[in-house]
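K.L.:
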Ligand SMILES: *Cc1c(COP(=O)(O)O)cnc(C)c1O
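Residue numbers (the working numbering): 105 to 489.
#1: Starting from residue 395 and walking both ways along the alpha helix (DSSP H), at which residues does that stretch end?
#2: Could you compute how far the alpha carbon of residue 244 sits from the alpha carbon of residue 380?
#3: If you draw a straight line from the alpha carbon of residue 136 to that of residue 411, how long is it in whole angstroms?
#4: Assign residue 262 to one of three DSSP states: helix, strand, or coil.
#5: What ranges does the alpha helix (DSSP H) occupy inside the segment 435-466, keeping only unbroken runs of at least 4 residues that lie completely in it?
#6: Of all residues in the structure, which have a C-beta closer than 7 Å to any heavy atom of ligand 1, taken in chain order?
#7: Quick check: what's the CA-CA separation for residue 314 versus residue 347?
#8: Three or more C-beta pairs under 8 Å: does that hold for the segment 332-352 against the segment 184-199?
#9: So, at 7 Å on beta carbons, what are the nonlocal neighbours of residue 392 in its own chain, with the 5 sequence-adjacent residues on each side left out?
#10: CA-CA distance, residue 402 and residue 424?
#11: Start and end of the alpha helix (DSSP H) containing residue 383?
#12: Can you list, in chain order, the residues of its chain whose CB lies under 6 Å from that of residue 280, leaving out five sequence neighbours each side?
#13: Can you give me the Cβ contacts of residue 481 inside the same chain, cut-off strictly under 6 Å, excluding the 5 residues immediately before and after it?
#14: Rounded to whole angstroms, what's the CA-CA distance from residue 414 to residue 478? Just pull it up for me.
#15: Below 8 Å on the Cβ atoms is my guess for residue 302 versus residue 142; work out the distance and round it to an integer in Å.
#16: My parser needs the beta strand (DSSP E) runs of 3 or more residues fully inside the segment 177-203; what are they?
#17: Rounded to the nearest angstrom, what separates residue 421 and residue 406 at their Cα positions?
#18: Is it buried or exposed, residue 212, if we count other Cβ atoms within 10 angstroms and call 16 or more buried?
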């Protein structure tokens, strides 16, 4: 089976991990700050707080913005469940802003209309979490502008988007948001096995992220309620978690970061080959804003089902039986049973539901070979024609 995504591990990556295994620190050693500096330096953010996974990073980000009971957080329905769950962890409630039918990212027009209505109802969200689906940057100028106008904070779920840029600035530089989160899961662009990072330019938010990552504990006398009792002293000044990453993982990430540009470039080569080969087939190819550079985490097509004359499921299953590990990113989050039980119903975000009826993710990763890609294209043509 050709997977839809997979990691790309080099001998240098392996050597970097082995070096840590032979060193003094398996965790909380020197590789973690070096990795944080490498990611923050690459995107142009002031602070990076690496942690166990991007779900933890999203949770830490909500905690750092003081999301709690009575607060409302909005995200896109076409995302992984973690983008919404992070608000529920904090006791807040969640709602969804429909996607744009062309970009498939959070629609600025839908966001504006929903903010106007929420202001009239006195139910403005505290935080909105746009998601850069497939690595294609959201319209952050519009979303950031609306957030400022309504006094709403912004966390970018950039799990798909390390290596992307938008209007000349790297996704992750927090130009349009308070916090940006990346994931280092193996299917994403750069991997640490499991891992994530939260980036910010605000020193206060950075210190809150650090507390959330490690039990709410500080060793910095400036953050303590009282005087240190001695060199052993630390204080728990809030309630945090153990969301730390290990040095083993950070060393892998640091080594992978050296190939980030190469990974994204290889994804572009593959995506351009799909773009050319799929032209004219009864499907929509993924949108790419000419003012942005996508990180191309995913290559999603939308089927023109009336022209194909088969069901979405039939096309999907035929591709799977041909040995192609197609996938579907994503089921609208609010249609999950857990969210339905919170009161969400079909019809809440019609564009997202239509997307779900038509979308299929084709294999795309940096090490995807030309032969395998040609096989995918040939099979897709056979199934659709
Ligand atoms: C993968 C992903 C996450 C969660 O990342 P983990 O590192 O696996 O916790 C969050 N949001 C989106 C959009 C993702 O794709």
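Virtual Cβ for every residue (Gly too), placed ideally from N, Cα, C.
P.N.:
So, to answer that:
#1: Counting along the chain, residue 395 sits inside no alpha helix (DSSP H), nor does DSSP assign it H or E at all.
#2: Residue 244 and residue 380 have their C-alpha atoms roughly 28 Å apart.
#3: Cα to Cα, residue 136 sits roughly 52 Å from residue 411.
#4: Residue 262: coil per DSSP, three-state reduction.
#5: Qualifying alpha helix (DSSP H) stretches, in chain order: 441-444 and 454-462.
#6: Cβ atoms closer than 7 Å to ligand 1 belong to 157, 158, 159, 160, 162, 183, 184, 186, 187, 235, 261, 263, 264, 287, 288, 289, 292, 298, 299 and 300.
#7: Put simply, the backbone Cα of residue 314 is about 10 Å away from that of residue 347.
#8: Contact fails between the segment 332-352 and the segment 184-199, because fewer than three Cβ pairs, one in each stretch, are under 8 Å apart.
#9: Within the same chain, and ignoring the five residues on either side of residue 392 in sequence, the residues whose Cβ sits closer than 7 Å to its Cβ are 240 and 398.
#10: In this model, residue 402 and residue 424 are separated by some 17 Å (Cα to Cα).
#11: In the DSSP assignment, residue 383 falls outside any alpha helix (DSSP H), carrying neither H nor E.
#12: In chain order, 244 and 248 place their CB closer than 6 Å to the CB of residue 280, counting only its own chain and leaving out the 5 sequence neighbours on each side.
#13: Counting only Cβ-Cβ distances below 6 Å, and skipping sequence neighbours, we find 381.
#14: For residue 414 and residue 478, the distance between alpha carbons rounds to 23 Å.
#15: 15 Å between Cβ atoms; not a contact.
#16: Qualifying beta strand (DSSP E) stretches, in chain order: 197-200.
#17: When rounded, the distance between both Cα atoms is 15 Å.
#18: With 16 or more other Cβ atoms within 10 Å, it is buried.
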